[in-house]
Amino acid sequence: MWTWLGMAVYVLVAAALALAVPAEVLSPGSAHFFALLGAIGLWRYGWAGVHLLRAFIYVTWRFPALREAARHSQAPLPPLYVVVTAYRQETSVTRRVFAALLDEARSCGCGMTVVAAVTDPAERVLLETMFRASAPHGVSLVTMEQDGTGKRSALAEGLRAISRRMPPDDAVVLLMDGDTLLPPGALAASLPFFSVFPAIGAVTTDLRAEVTGSPWAADWYDLRYAQRHLLMSSLSLSDRLLVLTGRCSLFRASLATRPDFIAAIEDDRLRHWRYGSLRFLTGDDKSTWYWLLKHRHAMLYLPDVRVVSLEDMPRRRFLADSAQRMRRWYGNMLRNNGRALRLGPRRVRPFVWWCLLDQRVSMWTSLAGPAFVLTAALFAKAALLPAYLLWVMVSRLVFAIGLGAIRGRFTPRWPLLLYYNQVVGAVLKVVAGFNLDRQEWGRQKVTFPSMPRRAGLWGIYITLLASALFLYVTSATTASLDPPNWLLVSGAFAGLEHVLAEWAVDAAWAGETPP
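Be aware that the sequence shown starts at 0, since it is given in numbering that gives the first Met the number 0, and climbs by one per residue.
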């Protein structure tokens, strides 16, 4: 009922906007504006159409053939080693997660060793009690205490514990979070791919969110996972992905127990012209992905295996919490983007390499439409605003319906959340792109020290300078501003010179080389 009522309200608002658009908006004087806006829209929606077509081919043709080959495999399921990481998880969540894991062990019948990173003795006692009571034959538990410095160190210790047990060549390692539920049949559906396709280094699964919080938060997660499903399906046609989610991904044990793989998780670093050696705090799933990408291992997405992530987003904190999550995700993406691009299209695969390049471009093209319209409405034609809002409502509705057809679920909040993700997400990408040292691990409140305070001014300054340049270009393109005021431009670069001088002082003190 609420879906239909919300849909009716949405359509009525769109109709009111259509009636509010004056005829002068479509006059010849607006042709230049709409041509520019249309060119950017053609790029963005054309790119989305390419992903949609590739995803359709993968889901309806390519993957069913792969699934059929895996289903008819005569090889026994390989031994499985599981590393589960959690930090101060609620007892009820821990019970659900490990009960589902034990059910899967019982169902698939493969040998399993579970390495659980615990945070207190009570959690250790709970797990040992559960395994003594209901673990099937051939399933063992290893518990180890986390040191509280983050997920990376816990994963590294877990993988070392597996390495010491010398797993056989055909073994598989599952890395999963302590708030992830495996659905029935997940392991039996995933493990055969490693036996049938020797080139595969890792597989990852589809996701569904079980959200404690507001309906907006639940719909936001559903929308993000629907978009993720579309992108992952498209990329899998190239046997490569852009991430191996930390929620649930499986790796060949012969790769996951290599010392350099473990080191890439525990102490991954980026060499940056401004930060020097920048250590990664979050984004362990990006580190595992980059290692496999660098070593030319194939990766595969399993769209018919959908694990459940248990999310907590308080009702009154949707905007703050969603922005915090996006800032962390996009920071991880951008910290990996440059080094992945440097691997080149031959190693990465041309389409995936082009997707990496588009990550750099999309943060600006996503803001081009709002910037064009706002500057034009402020300085030229205010009547363009309702026309643009109408376009946003109609285009996002069409795209949301398409996603709903793929996902099997749709709500009237999706079009609004699509635009929220576009604008707010793009702003957060711009900020993260110029401040790559800003990292924190939300649950454990772990942070790495940033650069000295005056050096941090450089990140703020260059963010503002790039944003101002972008706004000026869009304004000048819509012919809504006068030619540049060279006094302001020279003042901006004088400020830049001052910030660089301050940075040089701090860099010299820290032993770094200024740019």
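Just so it is clear, CB atoms sit at the ideal spot from N, CA and C, and this is done for glycine as well.
Quantities reported herein were computed from a predicted structural model and do not represent experimental measurements.
Sheet register partners of residue i (DSSP bridge)
i: G275; result: H271
i: V113; result: V81, L140
i: L301; result: T204
C-beta contact flag for residue i and residue j at 8 Å
i: V114; j: V82; result: yes
i: M298; j: A201; result: yes
i: Y274; j: R338; result: no
i: A160; j: V138; result: no
i: D218; j: R305; result: no
i: T80; j: Q145; result: Note that residue 80 is Tyr in the sequence shown here, rather than Thr. No; because the gap between Cβ atoms is not below 8 Å, this pair is not in contact.
i: V515; j: E156; result: Because the chain here runs from 0 to 514, residue 515 falls outside it and cannot be looked at.
i: A104; j: P75; result: no
i: P302; j: V58; result: yes
i: N420; j: T462; result: no
i: A54; j: S232; result: yes
i: L174; j: F97; result: no
i: H228; j: I400; result: no
i: V172; j: A262; result: no
i: V8; j: L309; result: no
i: L388; j: L18; result: no
i: R348; j: W215; result: no
i: T203; j: Y300; result: yes
i: L158; j: S133; result: no
i: T84; j: L186; result: no
i: W46; j: D357; result: yes
i: L90; j: R164; result: Contrary to the premise, residue 90 reads as Thr rather than Leu in this sequence. Cβ distance not < 8 Å, so T90 and R164 don't count as in contact.
i: L340; j: W353; result: no
i: S106; j: G184; result: yes
i: C330; j: Q438; result: Strictly speaking, residue 330 in this sequence is Gly, with Cys absent from that position. Taking 8 Å as the Cβ cut-off, G330 and Q438 qualify as a contacting pair.
When the options are compared against residue i, the one with the closest alpha-carbon
i: I264; options: S152, F469, R87; result: S152
i: S286; options: Y300, H296, R268, D303; result: R268
i: S517; options: W219, D266, D284; result: Given that the chain is displayed from residue 0 to residue 514, the structure contains no residue 517 and the question cannot be resolved.
i: S466; options: V307, A121, A431; result: A431
i: M129; options: A99, G149, Q145, C107; result: A99
i: H271; options: L333, A74, Q421; result: L333
i: A13; options: D303, V397, G401, V472; result: V397
i: P414; options: S189, A225, A319; result: A225
i: S189; options: I261, A262, S72, T93; result: S72
i: W371; options: G407, Y329, R324, F469; result: Residue identity differs from the one stated: residue 371 is Phe in this sequence, not Trp. Per the Cα distances, F469.
i: R345; options: R131, A132, Y419, K293; result: K293
i: D436; options: R341, Q358, L356, N335; result: N335
i: T211; options: R316, P349, A262, E67; result: R316
i: R395; options: R324, L222, L318; result: L222
i: L52; options: D320, A216, S235; result: S235
i: D176; options: V124, R95, R66, S253; result: R95
i: P167; options: G110, D266, V124; result: G110
i: L291; options: D320, L243, A319, R324; result: L243
i: F192; options: G245, M392, R70, R246; result: R70
i: G515; options: R246, M392, P77, L126; result: Shown here, the chain extends from 0 to 514; a query on residue 515 therefore has no answer.
i: Q88; options: R326, D311, A376, Q438; result: D311
i: I56; options: V10, L230, R123, P120; result: L230
i: L11; options: L416, G407, V393, Q438; result: V393
i: L318; options: F409, N331, Q438, S213; result: S213
i: G407; options: T148, R207, R123; result: R207
query = At which residue ranges does the segment 52 to 108 contain complete alpha helix (DSSP H) runs of 4 or more residues, listed in the order of the chain?
reply = The DSSP assignment places 62 to 70, 90 to 107 as complete runs of the alpha helix (DSSP H) inside the segment 52 to 108, in order along the chain (cut-off: 4 residues).
ask   = Taking contact to mean at least 3 C-beta pairs separated by less than 8 Å, is the segment 194 to 202 in contact with the segment 270 to 284?
value = In this structure the segment 194 to 202 does not lie against the segment 270 to 284, because fewer than three pairs of beta carbons, one per stretch, are closer than 8 Å.
key: the segment 253 to 263 touching the segment 238 to 245, judged by at least three CB pairs closer than 8 Å   = No: fewer than three Cβ pairs fall under 8 Å.
3-residue-minimum beta strand (DSSP E) runs that sit fully inside the segment 307 to 371, ordered along the chain = Within the segment 307 to 371, no complete beta strand (DSSP E) run reaches 3 residues.
key: Those runs of the beta strand (DSSP E) which lie wholly inside the segment 205 to 290 and span at least 3 residues   = Listed in chain order, they are 247 to 251, 268 to 271, 275 to 278.
inquiry  = To test your reading of the DSSP string, which unbroken beta strand (DSSP E) runs of 3 or more residues are found completely within the segment 164 to 204?
reply    = Uninterrupted beta strand (DSSP E) stretches at least 3 residues long and entirely within the segment 164 to 204 occur at 171 to 176, given in chain order.
Cβ pair count under 8 Å reaching 3, the segment 418 to 434 against the segment 361 to 374 = In this structure the segment 418 to 434 touches the segment 361 to 374; the number of beta carbon pairs closer than 8 Å is three or more.
ask   = Do the segment 55 to 74 and the segment 176 to 184 make contact, defined as three or more Cβ pairs closer than 8 Å?
value = No, because fewer than three Cβ pairs between the segment 55 to 74 and the segment 176 to 184 fall closer than 8 Å, the two stretches do not touch.
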